[in-house]
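First up is the structure itself, then whatever we jot down about it.
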Amino acid sequence: MSSPETETVGKAQLTLRIVQVVCFTFFAYLVIGLQLAVLPPFVHNDLGYGAVLAGLVISTQYVATLLTRGFAGRTTDVAGPKQAALIGMTACGISGLLMIFAALAHATPGLSFGLMLVGRLALGFGESCVGTGCIMWGIGRVGASHTAKVISWNGIATYGALAVGAPLGVLLTDRFGFIAIGISGMLLMIGGMLAAWRRPGVRAEAGERLPMHHVFGRVMPYGMGLALGGVGFGVISTFITLYYASVHWSGAALALSVFGICFVSVRLVMGGAISRFGGYRVAMTSLVIECLGLIVLALAGSSAMAMLGAALTGIGFSLIFPALGVEAVSRVSMNNRGAALSAYSVFIDVALGITGPLGGWIVSGGRYGPMFAIAAGLSLAAMLLTGLLYMRYGKPVRA
């Protein structure tokens, strides 16, 4: 039996191995974050286009991510996760280069906008490859029994980078102009690629490759649970500021910060719960907490109560992706798990993509309570679905 000191060192080494890989996810999402807050103002103010095209330049990335998930998963399984991550970082770097060209071509709005759209397509493709590649690379380095821990740390890298990148992008643009976004993104990816080349890779697993539609079918029930549970995150991130404004409350930005802090804190503190209790149990508990948070938001009579609802939703949503994800990828063999992870991730892409327009339709009358109540009901449906999966497929997998 290992001594406590040995176990502590082992855990520290395990975490270090994971962080050494998911840091590349952080770099890639930092590039995404840098662009996120400054592209719409550039399209609207500098190029002179309307809100529709300003929104299009943002959504183009998400469409590209959705459409290239299958390629990213299969490349990870066949060529290896390190190679997939390098391909993704190359694409993100190309996106930065195209943003430089778009900035230089601002006097010709049509050309600048076209370059920007191509750059966003490249960024979405890069996001797919880096996200899937880094998760499977991390799993390859620490073992499949630590899948949940790798996914959790990758999520921390993702949301942490977005939180840092958005304000940093605004600061860089204010000081040096929009061209600084492209230069920074390209340099980040060059540095990331040089560092990634020096990291040890892991071999691609040999064996039969399932057709993508077979993989998709196996993970679909878990992806549906993720999608239903992801609506709560979608409505908060999209509508919380409008909700606060509609009832004349201040502190919407603080509510978003509280949501993010709770999300990251739970992943840091409770990441080991999935290995201990199993993904099904953790997912069901998380979905109940998320449901309660959304109900509090729907019934909130003050900004403090709404903030409590946002906090509970952040706590609940935090472990849903890794908890259901670890069970989803266990439904296929090791040599198909990159494809399974990509197929599973498609569901959160779709859920977040449709939440905006559907939520906007629900609140078109100016009432936000019903929207949060519907999201709560969807979380409850996800919990019931997860319970059915638990009863069908048996006891939770323990590390």
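Every number in the numbering used here is 928 more than the matching position in the sequence shown, counting from 1.
Just so it is clear, CB atoms sit at the ideal spot from N, CA and C, and this is done for glycine as well.
Check                                                                                                                 : Outcome
Which listed residue (Leu1184, Gly976, Leu962, Leu994) has its alpha carbon closest to that of alanine 1094           : Leu962
Backbone CA spacing between phenylalanine 1205 and leucine 1014 [nearest angstrom]                                    : 34 Å
Threonine 988 versus glycine 1281 - alpha carbon distance                                                             : 11 Å
Per-residue burial, valine 1260 [other beta carbons within 10 Å of its own, 16 or more giving buried]                 : buried
C-alpha gap between methionine 1299 and proline 1285, whole angstroms                                                 : 12 Å
Alpha-carbon to alpha-carbon, cysteine 1219 and threonine 934                                                         : In this predicted model, threonine 934 has a pLDDT of only 34, less than 50, meaning its place in the structure is not dependable enough to derive any value.
Element boundaries [alpha helix (DSSP H), containing threonine 1075]                                                  : 1075 to 1104
Tyrosine 1209 - containing alpha helix (DSSP H), residue span                                                         : Note that residue 1209 corresponds to arginine in the displayed sequence, not to tyrosine. First-last of the alpha helix (DSSP H) with arginine 1209: 1207 to 1227.
Neighbourhood of methionine 1235 by C-beta, 6 Å cutoff - its chain only, sequence neighbours within 5 removed         : Ala1183, Val1186
contact_flag[the region 1031 to 1039, the region 1115 to 1130] where n(CB pairs < 8 Å) is 3 or more                   : no
Secondary structure of arginine 1146, DSSP reduced to three states                                                    : helix
Residues near alanine 1271 in its chain [Cβ-Cβ closer than 6 Å; skip 5 each side]                                     : Val1143, Phe1144, Val1147
Segment contact, 8 Å Cβ cut-off, at least three pairs: the region 1051 to 1058 with the region 1089 to 1109           : no
Distance, serine 1193 Cα to cysteine 951 Cα                                                                           : 18 Å
Inter-residue spacing [alpha-carbon to alpha-carbon] between serine 1231 and leucine 1240                             : 14 Å
Nearest-angstrom Cα separation, counted from leucine 1156 out to leucine 1306                                         : 5 Å
Where arginine 1259 falls: helix, strand or coil (DSSP)                                                               : coil
Test item: CB-CB of glycine 1244 and isoleucine 1217 under 8 Å                                                        : yes
Under 8 Å between C-beta atoms of glycine 1001 and threonine 953                                                      : no
Outcome for aspartate 1005 when other beta-carbon atoms lying within 10 angstroms are tallied against a minimum of 16 : buried
Opening and closing residue of the alpha helix (DSSP H) in which arginine 1131 lies                                   : Looking at the DSSP string, arginine 1131 is not in any alpha helix (DSSP H), and its letter there is neither H nor E.
Reference methionine 1311, options Arg1209, Val1257, Ser1292, Pro1250, closest by Cα                                  : Arg1209
CB of alanine 1180 within 8 Å of CB of threonine 1166, strictly                                                       : no
Rounded straight-line distance, which links the Cα of tryptophan 1125 to that of glycine 1068                         : 16 Å
Selection from Ser1246, Gly938, Ile1164, Ser1214 that minimises the alpha carbon distance to histidine 1074           : Gly938
Boundaries of the alpha helix (DSSP H) in which glycine 1188 is found, first to last residue                          : 1180 to 1198
Secondary structure of serine 1165, DSSP reduced to three states                                                      : helix
Exposure of glycine 1288, with buried meaning 16 or more beta-carbon neighbours within 10 Å                           : exposed
For arginine 1127, the three-state DSSP class (helix, strand or coil)                                                 : coil
Under 8 Å between C-beta atoms of proline 969 and isoleucine 1079                                                     : no
Coarse secondary structure for tryptophan 1065, derived from DSSP in three states                                     : helix
Alanine 1019, buried or exposed, once every other Cβ within 10 Å from all chains shown has been counted against 16    : buried
Within the region 996 to 1045, ranges of the beta strand (DSSP E) (whole runs, at least 3 residues)                   : none
Rounded Cβ spacing between methionine 1152 and glycine 1315 (contact assumed at less than 8 Å)                        : That pair is no contact at about 13 Å.
Candidates Met1064, Ala1085, Ala956, Val966: closest to glycine 983 by CA position                                    : Val966
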